[in-house]
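Notes follow once the structure below has been shown.
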Amino acid sequence: MISFDRVSKRYAEGHDALREVSLDIARDELVFLTGHSGAGKSTLLRMIMLMERPTRGQVVIDGQNLGAVGPRGIPRHRRNIGVVFQNHRLLYDRNVFDNVALPLVIAGHDHREVGRRVRAALDKVGLLERERAMPVTLSGGEQQRVGIARAVVGKPRILLADEPTGNLDPALSAEIMQLFEEFNQVGVTVLIASHDLGLISRLRHRIITLRQGRLVSGSAA
Amino acid sequence: MSFRLLGVRAAQGVRREGASHSRTGLRDRYHAWLQHHRLSAADSMHRVLDNPVSSAMTWLVIGIALALPSGLNVALDNVSQLSASWDSPAQISLFLHDEVSDERALALQAELSARADVSLSRFVSREEALEEFRSLSGFADVLSSLQDNPLPHLVVVAPAADAQQAVVAALRAELEAYPDVAQAVLDMEWLQRLDTMMLLGRRLVWAVAGLLILGVLLILGNTIRLAIESRREEIVIVKLVGGSNAFVRRPFLYTGLWYGVGGGLFAALLVAASLWFLQGSVADLARLYHSEFRLRGLGVMGGLNLIILGGLLGLAGAWLAVSRHLAAIQPR
Ligand SMILES: Nc1ncnc2c1ncn2[C@@H]1O[C@H](COP(=O)(O)OP(=O)(O)OP(=O)(O)O)[C@@H](O)[C@H]1O
Ligand SMILES: [Mg+2]
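Sequence lines, in order, name chains A and B. Going by this note's numbering, the first residue of the first sequence is number 27, and it counts up by one from there. Going by this note's numbering, the first residue of the second sequence is number 4, and it counts up by one from there.
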């Protein structure tokens with residue numbers, strides 16, 4: 027589902043964020059991506075959603091070589107991928123419902139369909155009764171769950187998460203990870219960047235480790 | 004405020020769960036697209052109205068910029084209406100052939116007086132002309148040393164009072180064809196001068212309009228740029244979750260449209276107000292000259308045209324801003 031073939035990324039300043047990374051992630055997998063700060067985890071995720079292009083090598087997502095996706099193809103590509111950000115990236119002048127509905131409105135769904143799916147997603151993350159709340163009135167964990175609901179509401183094939191438990195307490199982190207496992211069980215490919223090694227090693231999924239832009243373990247299942 | 008850019012609110016309005024069908028066919032997408040247009044339009048309108056003071060300033064600036072050339076144009080229209088309907092001050096001087104006798108000349112004058120398209124004709128014999136010339140020109144000595152009177156008989160014809168310029172010109176040509184007439188001269192140089200000035204005026208209006216329209220585009224572009232800037236984070240998020248450029252662009256284009264339409268409306272009101280302000284004194288003046296002349300305004304069509312022009316400029320300005328600044332906002 028996700029395949030990197032000797033991908034290197036050099037940022038404009040000449041810094042090598044990724045060096046010759048090759049990996050394959052199958053459709054039904056949940057994979058953790060770990061490494062020290064600056065190892066290139068975020069860069070790898072950003073490449074999958076075309077926020078960044080490789081300097082060398084190629085990325086293939088769901089059979090689609092991303093090198094062949096032009097600027098006009100980017101929105102359509104991103105609609106197939108759900109993303110959870112560490113800092114949530116919610117729209118703070120809209121309520122919870124509106125935030126979660128965003129991908130569906132963009133994809134052009136009928137409004138009845140939007141209402142139904144948004145409530146299903148909010149129900150899944152346990153925030154159904156908060157749909158009218160504004161994000162600032164929610165705790166960090168709740169905001170993160172709004173972000174997750176937004177990521178999955180469009181039924182993407184791939185779910186990416188960059189430090190989804192970054193500043194949550196252990197119990198909450200475990201809860202969020204469990205949500206991701208549930209999505210994975212219904213067939214979503216999940217890739218989570220995290221340096222909470224204690225948490226992820228307990229969960230018994232494949233762990234890919236980056237060190238200074240090089241992949242040091244976990245390249246294949 | 005009940006609508007937002009993304010138009011998600013309205014989706015909340017309908018709560019019939021389970022009653023929906025989950026496929027997104029072409030029809031559904033078309034409806035969703037239409038709905039997004041509606042909601043973008045409504046949301047942009049709300050945003051414009053949410054800041055009444057700054058929006059009114061924008062409208063006023065655009066309004067003034069559009070009102071200036073269109074007001075000038077209305078003024079020129081009135082002048083040309085006035086000059087076309089002028090109680091024709093033109094007169095046609097008919098210089099007769101040397102061999103035409105006084106009797107023939109008088110008969111001609113009588114014949115011309117009888118014409119419907121001639122209001123007045125006057126015979127000036129060559130002797131009278133010489134006398135007049137002598138007393139007016141100061142060449143008395145030179146003239147008295149001449150043995151022959153060099154001047155021809157003259158019949159002065161005033162065309163009918165309501166005759167248009169073209170009609171007068173045709174009359175002149177017709178009179179020149181009379182066998183007794185050597186030459187027919189139309190004295191309307193001042194009218195031609197007016198026409199030339201009007202032409203100049205029209206060109207000036209176009210030049211002013213061009214500059215001001217450029218100004219309007221820049222103002223709108225800048226206003227939209229600020230709107231884009233203030234919603235940068237929102238744009239980034241929309242792009243991250245797969246919003247196309249068209250989707251991101253739409254609300255800003257509507258914002259431009261509303262600013263432009265409002266500006267056009269202001270312009271139409273400004274022109275109408277200044278005409279209304281002038282109407283009274285023009286009517287007084289016209290009465291003094293026993294004229295039926297009334298100021299002609301923009302009319303409904305003119306006003307509509309201004310509003311449409313404003314709307315188009317709004318769209319164009321927004322398009323300029325959007326194409327320059329939206330592409331630069333990429334998720335990081
Ligand atoms: N836009 C950029 N321009 C230049 N250098 C960048 C850019 N983004 C990241 N880098 C550099 O690339 C390297 C990898 O960054 P990346 O964000 O992928 O690390 P990370 O593994 O996600 O780290 P963290 O755990 O701190 O989030 C870092 O050294 C970073 O300084
Ligand atoms: Mg990172």
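Virtual Cβ for every residue (Gly too), placed ideally from N, Cα, C. Since the structure is predicted, the reported quantities are computational estimates derived from the model, not experimental observations.
Can you find a C-beta in chain B that's less than 8 Å from the C-beta of residue i?
| i | result |
| --- | --- |
| Glu39 of chain A | no |
| Pro129 of chain A | yes |
| Met77 of chain A | yes |
| Arg156 of chain A | no |
| Pro101 of chain A | yes |
| Arg171 of chain A | no |
| Asp88 of chain A | no |
| Leu217 of chain A | no |
| Ile226 of chain A | no |
| His231 of chain A | no |
| Val109 of chain A | yes |
| Ile184 of chain A | no |
| Gly192 of chain A | no |
Taking buried to mean at least 16 other C-beta atoms within 10 Å of its own C-beta, is residue i buried or exposed?
| i | result |
| --- | --- |
| Glu237 of chain B | buried |
| Gly40 of chain A | exposed |
| Val56 of chain B | exposed |
| Ala187 of chain B | buried |
| His135 of chain A | buried |
| Arg327 of chain B | exposed |
| Tyr248 of chain A | For chain A, the structure presents residues 27 to 247; residue 248 of chain A sits outside this window and is missing. |
| Val162 of chain A | exposed |
| Ile184 of chain A | buried |
| Leu37 of chain B | exposed |
| Glu232 of chain B | exposed |
| Trp279 of chain B | exposed |
Can you tell me which of the options puts its alpha carbon nearest to the alpha carbon of residue i?
| i | options | result |
| --- | --- | --- |
| Leu223 of chain A | A:Arg45, A:Leu59, A:Arg53 | A:Leu59 |
| Pro101 of chain A | A:Asp149, A:Ile174, A:Met77 | A:Met77 |
| Gln94 of chain B | B:Val159, B:Gly28, B:Ser247, B:Gly266 | B:Val159 |
| Gly259 of chain B | B:Leu220, B:Leu29, B:Gln282 | B:Leu220 |
| Gly66 of chain B | B:Gly266, B:Gln150, B:Thr199 | B:Gly266 |
| Arg129 of chain B | B:Ser122, B:Ala119, B:Glu106, B:Arg118 | B:Glu106 |
| Met48 of chain B | B:Ala276, B:Trp261, B:Leu268 | B:Trp261 |
| Pro72 of chain B | B:Val208, B:Leu309, B:Gly313, B:Leu217 | B:Val208 |
| Met201 of chain B | B:Asp287, B:Gln84, B:Arg252 | B:Gln84 |
| Thr81 of chain A | A:Glu139, A:Arg171, A:Ala38 | A:Ala38 |
| Asp149 of chain A | A:Arg171, A:Met75, A:Leu164, A:Arg98 | A:Arg171 |
| Tyr33 of chain B | A:Leu164, A:His137, A:Gln211 | A:His137 |
| Val325 of chain B | B:Ala230, B:Glu114, B:Leu174 | B:Ala230 |
| Arg297 of chain B | B:Gly305, B:Met304, B:Asp287 | B:Asp287 |
| Gly108 of chain A | B:Ala271, B:Arg253, B:Val244, B:Ala289 | B:Val244 |
| Asn217 of chain B | B:Phe250, B:Ala119, B:Leu323, B:Ser147 | According to the sequence displayed, residue 217 of chain B carries Leu and not Asn. The candidate whose alpha carbon is nearest that of Leu217 of chain B is B:Leu323. |
| Ser63 of chain A | A:Ala219, A:Arg230, A:Ser245 | A:Ala219 |
Across which residues does DSSP place residue i in a beta bridge pair?
| i | result |
| --- | --- |
| Lys35 of chain A | A:Leu44 |
| Arg125 of chain B | B:Val159 |
| Gly108 of chain A | A:Leu185 |
| Ser29 of chain A | A:Asp50, A:Val86 |
| Asp190 of chain B | B:Gln94 |
| Arg240 of chain A | A:Arg237 |
| Leu56 of chain A | A:Val216 |
| Leu99 of chain B | B:Val184 |
| Arg138 of chain A | None, per the DSSP bridge assignment. |
| Gly302 of chain B | Answer is none; Gly302 of chain B lacks a bridge partner. |
| Gly61 of chain A | A:Leu236 |
Counting only C-beta atoms, is residue i closer than 8 Å to chain A at any point?
| i | result |
| --- | --- |
| Phe255 of chain B | no |
| Val241 of chain B | yes |
| Arg32 of chain B | yes |
| Ala35 of chain B | yes |
| His49 of chain B | no |
| Ser247 of chain B | yes |
| Glu232 of chain B | no |
| Val325 of chain B | no |
| Phe269 of chain B | no |
| His39 of chain B | yes |
| Val341 of chain B | No statement about residue 341 of chain B is possible, as the shown extent of chain B runs from 4 to 335 and does not include it. |
Quick one: what's got a C-beta closer than 8 Å to residue i's C-beta in the same chain, skipping five residues either side?
| i | result |
| --- | --- |
| Arg145 of chain A | Leu154, Glu157 |
| Arg36 of chain A | Asp42, Ala43, Thr81 |
| Ser253 of chain A | The question about residue 253 of chain A has no answer, for chain A in this structure spans 27 to 247. |
Check whether chain C comes within 8 Å of residue i, counting only Cβ atoms and requiring the distance to be less than that.
| i | result |
| --- | --- |
| Pro334 of chain B | Checking the listed chains, one finds no chain C in this structure; the protein chains it contains are A and B. |
If you drop the 5 nearest sequence neighbours on each side, which residues of the same chain put their C-beta closer than 7 Å to that of residue i?
| i | result |
| --- | --- |
| Ala127 of chain A | Val140, Val144 |
For residue i, which residues from the same chain have a beta carbon less than 6 Å from its beta carbon, with the 5 sequence-adjacent residues on both sides left out?
| i | result |
| --- | --- |
| Leu149 of chain B | none |
| Gly263 of chain B | Gly313, Gly314, Leu316, Gly317 |
| Gly10 of chain B | Any reading at Gly10 of chain B must be qualified, since the residue scores a pLDDT of 43, below 50, and its modelled position is unreliable; no value is offered. |
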